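Notes follow once the structure below has been shown.
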Amino acid sequence: MRTHYCGQVNDQLSGSSVAVAGWVHRRRDHGGVIFVDLRDREGLVQVVFHPDQQSIFATAEKLRHEFVIRVRGTVQPRPAGTLNPNLASGAIEIVASELELLNRCDPLPFQLDESVSEEVRLRYRYLDLRREIMNSRLRLRHRITRSMRAYLDGHGFVDIETPMLTKATPEGARDYLVPSRTHAGKFFALPQSPQIFKQLLMIAGFERYYQIVRCFRDEDLRADRQPEFTQLDVETSFLTQQQIMQLMEGLAVTLFREVLGIELPQPFPRLSYAEAMRRYGSDKPDLRVALELVDVADLVRDCDFKVFSAPAQDALGRVAALRVPGGGALTRKQIDEYTAFVARYGARGLAYVKVNERARGRDGLQSPIIKFLSDAALSGILERTGAADNDLIFFGADSAKVVSDALGALRLKVAQDLNLASSGWQPLWVVDFPMFEWDPEAKRWVAMHHPFTAPQDDDPARLQAEPAAALARAYDMVLNGSEVGGGSVRIYREEMQSVVFGLLGIGPEEARTKFGFLLDALRFGAPPHGGIAFGLDRLAMLMAGADSIREVIAFPKTQTAADPMTDAPTEVSEAQLRELHIRVRTPPPT
Ligand code: ASP
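Next comes the structure, spelled out in structure tokens:
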């Protein structure tokens with residue numbers, strides 16, 4: 029049908045006859061001459077219809093937005109003064125000699141260059157995807173997976189599929205369930221990740237596995253999450269943690285080089301979880317922001333300000349300061365807004381000190397709390413934060429968790445508001461995560477990564493004796509404040525796996541019912557192994573410079589986990605339910 033893509037017709041083809049096909053992007057009537065910007069996936073080209081081409085001119089007059097046509101014509105330079113330097117084909121136009129109307133298009137629900145609600149975009153996603161920006165995002169995503177596959181292939185990885193209809197794997201979210209017709213009353217779970225299967229592939233001896241795989245997690249979609257999302261899933265055998273991290277760092281570096289032409293700074297810095305929390309209040313710090321949290325509990329332990337002294341004396345408390353360069357210019361109203369902002373993270377207030385003139389000591393400072401603080405405390409705080417004239421120091425004083433969460437988030441917010449972040453890419457590894465986190469509601473330990481992650485200390489007895497202190501062989505790859513990958517070295521001996529299940533409150537019976545097949549497999553010569561999974565959607569979003577993963581997924585769900593185009597999820601017929609041995613409770617229990 030065509031000899032060239034629209035976007036690829038250029039002045040080198042001047043004088044030749046070409047055939048192009050695509051969508052009418054724009055149509056302009058210029059006193060008898062009709063101009064059409066014809067669009068296909070590679071871009072636009074201008075087609076000119078002259079009235080003397082009588083056989084086609086009448087059809088050209090009827091063309092409307094998004095009609096599908098095929099055109100044959102001669103490429104010629106555009107008249108002087110009408111060149112469009114923004115288009116690859118901007119120096120030429122095609123003078124049409126043949127026109128075939130392949131299909132019409134109803135009036136559009138929205139114009140492609142119009143900004144409309146996401147609901148409308150998703151309802152007509154096939155139109156939304158015609159936009160150049162969406163086209164380029166999905167093709168960027170394709171280049172990402174192509175580059176990943178090539179890298180992994182080059183390093184001996186084998187692409188193996190794992191089941192979609194399976195049994196629950198605990199990654200800490202709710203399962204999507206699929207009723208079984210042939211086993212009345214029984215359900216498959218869609219995989220939250222191929223975690224156990226990839227470990228079984230290591231036990232089977234494949235050594236290096238990968239898969240670009242859909243995972244399903246029925247979570248509340250508050251943050252930018254999707255019920256189904258894609259991971260690059262990787263597992264290896266007989267490699268140390270350092271080797272796995274190195275191999276995966278190589279993957280990230282190659283990916284950025286090949287897809288974006290960007291050299292990531294190497295080697296990626298490594299931060300322990302404890303240090304990340306201490307300095308950045310986050311286990312996924314954005315290193316483009318230079319601001320750091322500084323601990324000051326020791327300076328305010330004995331002050332007369334309970335808000336500070338109480339958490340400073342509490343083993344689980346934290347008192348920290350955050351210097352905001354130039355923050356002296358913040359207004360009362362702005363500070364109130366930041367106070368409301370940190371309240372979302374549980375902070376009950378936001379104390380601050382303005383540094384007007386540091387050299388004047390106490391007299392050069394301005395704050396409602398200065399009267400409670402000794403000269404030694406004040407000068408210690410100024411020293412540690414490195415505050416200069418016209419800076420402002422914010423304080424967090426509460427449980428360590430609240431302080432880290434609140435000041436960690438405030439650090440990013442202030443940096444954004446005051447333009448303090450540098451541009452570019454800042455990758456790092458976060459390592460030495462705790463094995464367990466205490467869940468105060470359930471009153472039990474939960475795995476910080478997942479229950480198959482190995483502790484750094486190989487002794488099951490010591491782990492059992494002191495679970496709170498145990499560190500995991502887990503690692504996260506973080507990029508510009510987003511966790512793009514996370515993995516661990518796994519437990520490969522049954523004894524340790526049983527101890528960890530026990531600590532997580534999974535008794536022997538439950539472990540047997542849920543993971544008996546894994547525990548069995550661990551007794552049949554399981555090699556040391558470990559791996560990682562990258563969130564493909566998030567990585568593609570970052571690389572595309574988009575602000576939501578929905579922008580790099582062809583057909584995403586809305587924030588309420590529905591699809592406005594197909595209307596899924598929908599009710600099903602009584603007959604179908606009967607076959608599946610299901611009766612729907614109506615109205616749904618509240
Ligand atoms: N299965 C883990 C996850 O989905 C990643 C891994 O440990 O490899 O987060």
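Numbering (my numbering), first residue to last: 29 to 618.
Backbone N, C-alpha and C define an ideal beta-carbon position, used for all residues, glycine too.
Computed from a predicted model, the values in this text were never measured in an experiment.
Helix, strand or coil for residue 163? Go by DSSP, reduced to three states.
As a working mapping, residue 163 is identified with position 135 in the sequence shown. Reduced to three states, the DSSP call for residue 163 is helix.
Rounded to a whole number of angstroms, what is the C-alpha to C-alpha distance between residue 492 and residue 526?
Reading the sequence shown from its first residue, position 464 is the one you call residue 492. Reading the sequence shown from its first residue, position 498 is the one you call residue 526. One C-alpha to the other measures close to 11 Å.
Restricting to Cα atoms, I'd like to know which of 100, 71, 173, 339 is closest to residue 84.
Numbered from its first residue, the sequence shown carries residue 84 at position 56. Residue 100 holds the alpha-carbon nearest to the alpha-carbon of residue 84 among 100, 71, 173, 339.
Ordered list of alpha helix (DSSP H) runs contained in the segment 148–226, each at least 4 residues:
DSSP runs (the alpha helix (DSSP H)) wholly in the segment 148–226: 153–156, 160–182.
So for residue 411, helix, strand or coil by DSSP?
The count along the sequence shown starts at 1 and reaches residue 411 at position 383. Residue state for residue 411 is assigned as helix, using DSSP reduced to three classes.
Is there at least one Cβ from chain B nearer than 8 Å to residue 294's Cβ?
Note that chain B does not occur in the displayed structure, where there is just one protein chain.
Our contact map puts residue 94 next to residue 144 with C-beta atoms below 8 Å; I'd like the distance itself, whole angstroms only.
As a first step, residue 94 must be located in the sequence shown, where it is residue number 66. As a first step, residue 144 must be located in the sequence shown, where it is residue number 116. Not confirmed; about 15 Å, so no contact.
What does the Cβ neighbour count give for residue 187, buried or exposed, with the cut at 16 atoms within 10 Å?
The sequence position of residue 187 within the sequence shown is 159, counting from 1. Residue 187 counts as exposed, since fewer than 16 other C-beta atoms from the protein chains shown sit within 10 angstroms of its C-beta.
Quick check on residue 361: buried or exposed, where buried means 16 or more other Cβ atoms within 10 Å of its Cβ?
For the purposes of this step, residue 361 is taken as residue 333 along the sequence shown, with counting starting at 1. By the 10 Å Cβ count, residue 361 comes out exposed.
Within 10 angstroms of the Cβ of residue 29, are there 16 or more other Cβ atoms? Answer buried if so, exposed if not.
For the purposes of this step, residue 29 is taken as the residue at position 1 of the sequence shown. Its Cβ having fewer than 16 others within 10 Å, residue 29 is exposed.
Just tell me which of 385, 366, 387, 191 has its CA closest to the CA of residue 377.
One-based indexing of the sequence shown puts residue 377 at position 349. Among 385, 366, 387, 191, the Cα nearest to that of residue 377 is on 366.
Can you name, in chain order, every residue of its own chain whose Cβ lies under 8 Å from the Cβ of residue 282, other than the five neighbours on each side?
In the sequence shown, counting from the first residue as 1, residue 282 sits at position 254. Non-local beta-carbon contacts of residue 282 in its own chain, meaning distances under 8 Å to residues more than five positions away in sequence, involve 175, 179 in chain order.
Along the beta strand (DSSP E) that carries residue 271, what are the first and last residues, could you check?
One-based indexing of the sequence shown puts residue 271 at position 243. From DSSP, residue 271 is part of no beta strand (DSSP E) but of the alpha helix (DSSP H) over 269–288.
Helix, strand or coil at residue 363 [DSSP, three-state]:
If you number the sequence shown from 1, residue 363 lands on position 335. Residue state, collapsed to three classes: helix.
With the cut-off set at 8 Å, would you say residue 579 and residue 165 are in Cβ contact?
Stepping through the sequence shown from its first residue, residue 579 is reached at position 551. Stepping through the sequence shown from its first residue, residue 165 is reached at position 137. Note that the C-beta distance between residue 579 and residue 165 is below 8 Å.
Hey, residue 61 and residue 75 are a contact pair by Cβ (cut 8 Å); roughly how many whole angstroms apart?
Position 33 of the sequence shown, counting from 1, holds the residue named residue 61. Position 47 of the sequence shown, counting from 1, holds the residue named residue 75. So it is not a contact: roughly 11 Å between Cβ atoms.
Note down the Cα distance separating residue 70 from residue 504, rounded to an integer number of angstroms.
Here residue 70 refers to the residue found at position 42 when the sequence shown is read from its first residue. Here residue 504 refers to the residue found at position 476 when the sequence shown is read from its first residue. Straight-line spacing of the CA atoms in residue 70 and residue 504 works out to 37 Å.
Following the continuous beta strand (DSSP E) through residue 42, name the residue where it begins and the one where it ends.
Residue numbering aside, residue 42 sits at position 14 when the sequence shown is read from its first letter. Looking at the DSSP string, residue 42 is not in any beta strand (DSSP E), and its letter there is neither H nor E.
For residue 393, tell me which candidate among 375, 544, 418, 373 has the shortest Cα-Cα distance.
Here residue 393 is taken as the residue at index 365 of the sequence shown, counted from 1. It is 418 whose Cα lies nearest to the Cα of residue 393.
Between 487, 513, 544, 554, which has its C-alpha nearest residue 455's C-alpha?
Locating residue 455 in the sequence shown gives position 427, where the first residue counts as 1. Comparing Cα positions, the closest option is 513.
My assumption, with CB atoms under 8 Å, is that residue 550 sits in contact with residue 520. Please give the rounded CB distance.
The sequence position of residue 550 within the sequence shown is 522, counting from 1. The sequence position of residue 520 within the sequence shown is 492, counting from 1. About 7 Å separates the beta carbons of residue 550 and residue 520, which is inside the 8 Å limit, making them a contact pair.
Can you list the alpha helix (DSSP H) stretches of 4 or more residues lying completely in the segment 396–473, in chain order?
Runs of the alpha helix (DSSP H) inside the segment 396–473: 403–413, 428–445.
Given the structure, does residue 478 come close to the ligand ASP, in the sense that its CB is under 7 Å from one of the ligand's heavy atoms?
Residue numbering aside, residue 478 sits at position 450 when the sequence shown is read from its first letter. For the ligand ASP, at least one heavy atom lies less than 7 Å from the Cβ of residue 478.
Check whether residue 395 and residue 380 have beta carbons under 8 Å apart
Against the sequence shown, residue 395 aligns to sequence position 367. Against the sequence shown, residue 380 aligns to sequence position 352. Annotated as proximal: residue 395 and residue 380, with beta-carbon spacing under 8 Å.
For residue 227 and residue 203, which I take to be in contact (beta-carbon distance under 8 Å), what is that distance rounded to the nearest angstrom?
Mapped onto the sequence shown, residue 227 falls at position 199. Mapped onto the sequence shown, residue 203 falls at position 175. Going by Cβ atoms, the distance from residue 227 to residue 203 rounds to 19 Å, so no, they are not a contact pair.
Would you report the Cα separation of residue 464 and residue 316, rounded to the nearest angstrom?
Taking the first residue of the sequence shown as position 1, residue 464 is located at position 436. Taking the first residue of the sequence shown as position 1, residue 316 is located at position 288. Distance between the alpha carbons of residue 464 and residue 316 is about 29 Å.
Report back the beta-carbon spacing between residue 566 and residue 577 to the nearest angstrom; my notes put them in contact at under 8 Å.
Start at 1 with the first residue of the sequence shown, and residue 566 comes out as number 538. Start at 1 with the first residue of the sequence shown, and residue 577 comes out as number 549. Contact between residue 566 and residue 577 holds, since their C-beta atoms are separated by about 6 Å, short of 8 Å.
Which one of 86, 613, 605, 385 has the shortest CA to CA distance from residue 208?
Within the sequence shown, the letter at position 180 stands for residue 208. Ranking the options by Cα distance to residue 208, first place goes to 605.
Does the beta-carbon of residue 121 have 16 or more other beta-carbons within 10 angstroms, so that it is buried, or is it exposed?
By one-based count along the sequence shown, residue 121 stands at place 93. Residue 121 should be labelled buried.
Report yes if the C-beta distance between residue 129 and residue 87 is below 8 Å; otherwise report no.
For the purposes of this step, residue 129 is taken as the residue at position 101 of the sequence shown. For the purposes of this step, residue 87 is taken as the residue at position 59 of the sequence shown. Taking 8 Å as the Cβ cut-off, residue 129 and residue 87 qualify as a contacting pair.
Would you kindly report the start and end of the unbroken alpha helix (DSSP H) that includes residue 605?
Position 577 of the sequence shown holds residue 605. Per DSSP, residue 605 belongs to the alpha helix (DSSP H) from 602–607.
Taking residue 382 as part of the alpha helix (DSSP H), name the residues at either end of that continuous run.
Residue 382 sits at position 354 when you count from the first residue of the sequence shown. Counting along the chain, residue 382 falls outside any alpha helix (DSSP H), though it belongs to the beta strand (DSSP E) covering 379–383.
Let me check you understand the geometry: is the CB of residue 561 closer than 7 Å to at least one non-hydrogen atom of the ligand ASP?
Translated into positions along the sequence shown, residue 561 becomes position 533. Because some heavy atom of the ligand ASP lies under 7 Å away, the Cβ of residue 561 counts as near it: yes.
Starting from residue 388, follow the alpha helix (DSSP H) in both directions and report where the run begins and ends.
Position 360 of the sequence shown, counted from the first residue, corresponds to residue 388. Counting along the chain, residue 388 falls outside any alpha helix (DSSP H), and DSSP gives it neither H nor E.
Report the option in 338, 474, 39, 422 whose CA atom is closest to the CA atom of residue 350.
Within the sequence shown, numbered from 1, the residue matching residue 350 stands at position 322. Closest in C-alpha terms to residue 350, from the list 338, 474, 39, 422, comes 422.
Under 8 Å between the Cβ atoms of residue 104 and residue 123?
As a working mapping, residue 104 is identified with position 76 in the sequence shown. As a working mapping, residue 123 is identified with position 95 in the sequence shown. Result yes, Cβ atoms of residue 104 and residue 123 sit closer than 8 Å.
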